[in-house]
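Comments concern the structure below.
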Amino acid sequence: MSTLSDRTGTALVVVDVQNGVVAGAHDRDGVVANIRTLVERARAADVPVVWVQHDDEELERGSDAWQIVPDLVPADGEARIEKQYGDSFEATDLEAQLAARGVGHLVVTGAQTDACVRSTIHGAFVRGYDVTLVADAHTTEDLTAYGAPPPDQVIAHANLYWNFQSAPGRRATVASAADVALDAPATA
Numbered sequence: 001m002s003t004l005s006d007r008t009g010t011a012l013v014v015v016d017v018q019n020g021v022v023a024g025a026h027d028r029d030g031v032v033a034n035i036r037t038l039v040e041r042a043r044a045a046d047v048p049v050v051w052v053q054h055d056d057e058e059l060e061r062g063s064d065a066w067q068i069v070p071d072l073v074p075a076d077g078e079a080r081i082e083k084q085y086g087d088s089f090e091a092t093d094l095e096a097q098l099a100a101r102g103v104g105h106l107v108v109t110g111a112q113t114d115a116c117v118r119s120t121i122h123g124a125f126v127r128g129y130d131v132t133l134v135a136d137a138h139t140t141e142d143l144t145a146y147g148a149p150p151p152d153q154v155i156a157h158a159n160l161y162w163n164f165q166s167a168p169g170r171r172a173t174v175a176s177a178a179d180v181a182l183d184a185p186a187t188a
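Sequential numbering of the sequence shown, starting at 1, is according to the UniProt record's numbering.
The following block contains the structure:
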C-alpha cells in the first residue's frame with residue numbers, strides 16, 4: 001500500500017548493529033539473536049537484506065567499533081549502506097538500492113532506537129514507504145545520565161507510538177520478530 005508505485009517488495013533493514021554501537025545496548029544478545037533469525041528468514045524467502053553502518057569520529061570507517069557485530073554476517077550481494085547522519089536515506093544511495101529491488105515496504109531493526117532507528121523509520125515513512133518496526137529487534141544504550149528514560153522504556157515508547165503513525169497511502173506497523181511478515185508488503 002506504499003505510495004511508491006510498482007514497488008510491492010519488502011526489504012529487511014539492519015541499522016547500525018555495529019560493535020561500537022551495541023556494546024552496551026539493552027538486551028544486546030537477545031536483539032542480535034532476533035535480528036539473526038530475521039536475516040535467515042529473509043534470505044530463505046529471497047527478501048533483500050540491507051545493512052547500514054554509521055561512520056563518524058567515534059565509529060571510524062574500518063575500525064573494530066565500525067564493524068558489524070560478528071554474530072551477523074552480511075552475504076555477498078546484500079546492499080551495504082554507509083551513512084554519516086541518523087536517517088539512513090540522508091546522503092546515501094539507500095533509496096536507489098531499494099528502488100532497484102522494487103521495495104516499497106521496509107522491515108526495520110537495529111540501533112539505536114532513539115536515534116538512527118527513529119530517524120530511519122520516519123525518513124522512510126515520509127518518502128512513501130510502508131514501515132514495520134520489529135518490536136523486539138531494536139535497542140538502545142542507557143542514557144539516563146543525560147535525562148533519558150531507561151532503555152526498556154525508550155524501546156516500549158517507540159513501539160507504542162510507531163503503531164499509531166499514519167499518513168495517506170502508507171502504513172506504519174509494529175510486529176515481533178516471530179510475527180513479522182517478510183514475504184509481502186504491509187496491507188491495509
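Glycine included, C-beta positions come from ideal geometry on N, C-alpha and C.
DSSP state of residue i mapped onto helix, strand, coil
i	result
Thr173	strand
Ser119	helix
Leu94	helix
Leu59	coil
Ala156	helix
Ala65	coil
Ala188	Caution is warranted here: a pLDDT of 41 is assigned to Ala188, below 50, making its placement in the model unreliable, and the coordinate value is therefore given only provisionally. Coil at Ala188, not helix or strand.
Asp46	coil
Arg80	strand
Residue nearest to residue i in terms of C-alpha spacing, selected from the options
i	options	result
Ala177	Ala42, Thr8 and Gln84	Ala42
Asp55	Pro150, Leu160, Asp87 and Asp114	Asp87
Val21	Ala135, Ile68 and Ala99	Ile68
Trp71	Val31, Ala99, Leu59 and Ala91	Note that residue 71 is Asp in the sequence shown, not Trp. Asp71 has its Cα closest to that of Val31, out of Val31, Ala99, Leu59 and Ala91.
Lys83	Asp16, Asp183 and Thr37	Asp16
For residue j and residue i, believed in contact at Cβ under 8 angstroms, the rounded distance
i	j	result
Gly104	Arg171	So it is not a contact: roughly 11 angstroms between Cβ atoms.
Ile155	Thr139	7 angstroms
Buried/exposed call for residue i, threshold 16 Cβ in 10 Å
i	result
Asn163	exposed
Ala188	With a pLDDT of 41 at Ala188, under the threshold of 50, the modelled position of that residue is not reliable, and the figure given next carries that caveat. The residue is exposed, with fewer than 16 neighbouring Cβ atoms inside 10 Å.
Pro185	With a pLDDT of only 47 at Pro185, under the threshold of 50, the placement of this residue in the model should not be trusted, and no figure is reported.
Thr10	buried
Gly169	exposed
Glu57	exposed
Ala75	exposed
Subject >> Given 8 angstroms, three or more beta-carbon pairs between the region 137-156 and the region 45-61 >> reply: With the rule of 3 Cβ pairs closer than 8 angstroms, the region 137-156 does not count as touching the region 45-61.
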